[in-house]
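There are 2 protein chains.
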Amino acid sequence: MSDSGHCFSEDERQAVYRAIVERRDMRHFLPEPVDPVVLQRLLAAAHHGPSVGLMQPWRFLRITEPSLRQRIHAMVDEERCRTAEAMEARQQEFLRLKVEGILDCGELLVAALMDGREKHVFGRRTLPEMDLASVACAIQNLWLAARAEGLGLGWVSLFDPAALAQLLEMPEGAKPVAVLCLGHVNAFYPAPMLALEGWAAVRPLEELVYTNRWNNP
Amino acid sequence: MSDSGHCFSEDERQAVYRAIVERRDMRHFLPEPVDPVVLQRLLAAAHHGPSVGLMQPWRFLRITEPSLRQRIHAMVDEERCRTAEAMEARQQEFLRLKVEGILDCGELLVAALMDGREKHVFGRRTLPEMDLASVACAIQNLWLAARAEGLGLGWVSLFDPAALAQLLEMPEGAKPVAVLCLGHVNAFYPAPMLALEGWAAVRPLEELVYTNRWNNP
Chain D
1 MSDSGHCFSE DERQAVYRAI VERRDMRHFL PEPVDPVVLQ RLLAAAHHGP SVGLMQPWRF
61 LRITEPSLRQ RIHAMVDEER CRTAEAMEAR QQEFLRLKVE GILDCGELLV AALMDGREKH
121 VFGRRTLPEM DLASVACAIQ NLWLAARAEG LGLGWVSLFD PAALAQLLEM PEGAKPVAVL
181 CLGHVNAFYP APMLALEGWA AVRPLEELVY TNRWNNP
Chain G
1 MSDSGHCFSE DERQAVYRAI VERRDMRHFL PEPVDPVVLQ RLLAAAHHGP SVGLMQPWRF
61 LRITEPSLRQ RIHAMVDEER CRTAEAMEAR QQEFLRLKVE GILDCGELLV AALMDGREKH
121 VFGRRTLPEM DLASVACAIQ NLWLAARAEG LGLGWVSLFD PAALAQLLEM PEGAKPVAVL
181 CLGHVNAFYP APMLALEGWA AVRPLEELVY TNRWNNP
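Protein chains in written order, with the UniProt record's numbering: chain D, 1 to 217; chain G, 1 to 217.
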């Protein structure tokens, strides 16, 4: 398939697929803290993410003050209620779901887009949102590394970004895009929690792959 | 650290980090085709990505018609020139970079956001762009799996999304977000190509991690 110099062994290949397949968006955590050495490895994994024009637009905030964690939780709960109101038919069903583990997880992080992004034109002239795509790739690195470390992670996006930016004293132009709950877990869900809870079904891959033009199988 | 039921072995853990650290945004490819069985594994890895509210907003188009590949290449080259014009001081430096491998790679894919996303409110009422974050996570899965398979991938975002959507007959509301060059490579760059080329330096991680508030180390 390719020369041996850059090949992964069969076992290595399987390990990468294992992390991909067994990673879950976690909402249930055990309270033990995350080892700082492990946290450092996870943040380094994020920082190995790809970025458009190598702009490295990601910033990570560790939330260590309990009062700040409480305020972030309150902010997310407020948006949870507003989202429920916007849902009409599925409101009650949505309110029964556990959508975050902010008060339970061992480590709370906020991921944000840096300020001063407008000068980065490389790969962004027509698609300025590629900076968010880069941050998402960094988070996915962190997520998979966490799974390999036996730690769970949940990405929460139920918040008002302007209010959270103000709370964390972000400068004009910076924007929080993820509240990340990280920590030990009792068990990883055997399938995506929202599938287990009947919120949505995992779609067959073949419905999402086309050839040469849209909807062409 | 956690019970053995969900633990990765040390070797498995190292393999996941190896994929994360050795993944590169590739621009140089060998012409051999990608094994369809491997391609299927990579697309399945993407489809194991997390998505906001389990909306699974990703769509992948395989580009198998040579004429279509040529037209996509022309479209990207046009945007490359427009980006150079927008760059002022670094224009010549930018034009010397190899920014895509569309005509060289074994397999060309386009990743897109599906149409009909406005009804998905879960995690998106205040952050509608979370659908793009989900597609980016799916692509990062594919990217890491490709690395483990010994294949290179390059994410190209130098195109006019409306023009590419029209070329691929996308419905109103769908949007292409990545031209993905996938294929065999002679070697993976030892560091990000844009760092090797002197376009930008990799920043120290500690500059990008704060505690409790912005810029607080």
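Glycine is no exception: its CB is placed at the ideal position from the N, C-alpha and C atoms.
Its Cα nearest to that of residue 146 of chain D, the residue D:23 stands out among D:23, D:131, D:129. Between the alpha carbons of residue 46 of chain G and residue 215 of chain G lies a gap of roughly 34 Å. Here residue 152 of chain G has 26, 185 as same chain residues with Cβ atoms under 6 Å from its own Cβ, once five neighbours each way along the sequence are excluded. Straight across, the Cα-Cα distance linking residue 13 of chain G with residue 150 of chain D is about 9 Å. When only Cα atoms are considered, residue 100 of chain G and residue 62 of chain D end up about 36 Å apart. Between residue 160 of chain D and residue 211 of chain G, the C-beta spacing is not below 7 Å.
Residue 16 of chain D belongs to the set of residues whose beta carbon lies under 7 Å from a beta carbon in chain G. Residues of chain D whose Cβ lies closer than 7 Å to the Cβ of residue 121 of chain G are, in chain order, 83, 86, 87.
Short of 8 Å from the beta carbon of residue 43 of chain G, and not among the five residues preceding or following it, lie these beta carbons of its own chain, in chain order: 60, 142. Within the region 156 to 204 of chain G, the runs of beta strand (DSSP E) that reach at least 3 residues and sit entirely inside it are, in chain order, 175 to 183. Between residue 174 of chain G and residue 58 of chain G, the C-beta spacing is not below 7 Å. Look at residue 25 of chain G: its C-beta is under 7 Å from a C-beta on chain D. C-alpha of residue 198 of chain G to C-alpha of residue 113 of chain G: approximately 33 Å in a straight line. Close to residue 102 of chain D, with beta-carbon spacing below 8 Å, lies no residue of chain G; the smallest spacing is near 14 Å. When only Cα atoms are considered, residue 19 of chain G and residue 40 of chain G end up about 19 Å apart. For residue 157 of chain G, the nearest CB of chain D lies under 7 Å from its own CB, placing it at the interface with that chain. In chain order, 57, 113, 117 place their CB closer than 6 Å to the CB of residue 131 of chain G, counting only its own chain and leaving out the 5 sequence neighbours on each side. Against chain G, the CB of residue 208 of chain D has a partner CB under 7 Å away; the residue lies at that interface. Cα atoms of residue 54 of chain G and residue 181 of chain D: separation of roughly 18 Å, rounded to the nearest angstrom. Note on geometry: alpha-carbon atoms of residue 71 of chain D and residue 105 of chain D lie some 15 Å from one another. Rounded to the nearest angstrom, the gap between the Cα atoms of residue 194 of chain D and residue 91 of chain D is 15 Å. Under DSSP, residue 77 of chain D takes part in no beta bridge, so it has no partner. Taking 7 Å as the threshold, the shortest C-beta distance from residue 19 of chain G to chain D falls below it. Measuring C-alpha to C-alpha distances from residue 148 of chain G to each of G:172, G:157, G:188 identifies G:188 as the nearest.
Sequence-distant partners of residue 163 of chain D (beyond 5 residues in either direction) whose C-beta falls short of 8 Å from its own C-beta, in its chain, are 75.
Interface annotation for the region 43 to 70 of chain G against chain D: 43, 44, 45, 46, 47, 48, 49, 50, 51, 52, 53, 54, 55, 56, 58, 59, 60, 61, 62, 63, 64, 65, 68, criterion Cβ-Cβ distance under 9 Å. The same chain holds no residue with a CB closer than 7 Å to that of residue 21 of chain D once the five nearest residues on each side in sequence are set aside.
Beta bridge pairing from DSSP links residue 154 of chain D with D:181. Note that the C-beta distance between residue 155 of chain D and residue 178 of chain D is below 7 Å. Excluding five sequence positions before and after residue 95 of chain D, the CB atoms of its chain that fall closer than 6 Å to its own CB belong to 84, given in chain order.
When C-alpha distances from residue 97 of chain G are compared across D:123, D:98, D:208, the shortest belongs to D:123. In this chain, the alpha helix (DSSP H) harbouring residue 13 of chain D covers 10 to 22. Spatial neighbours of residue 51 of chain D in its own chain (CB-CB distance under 7 Å, excluding positions within 5 residues in sequence) are listed in chain order as 57, 134. Pairing residue 196 of chain G with residue 30 of chain G, the inter-Cα distance amounts to about 20 Å.
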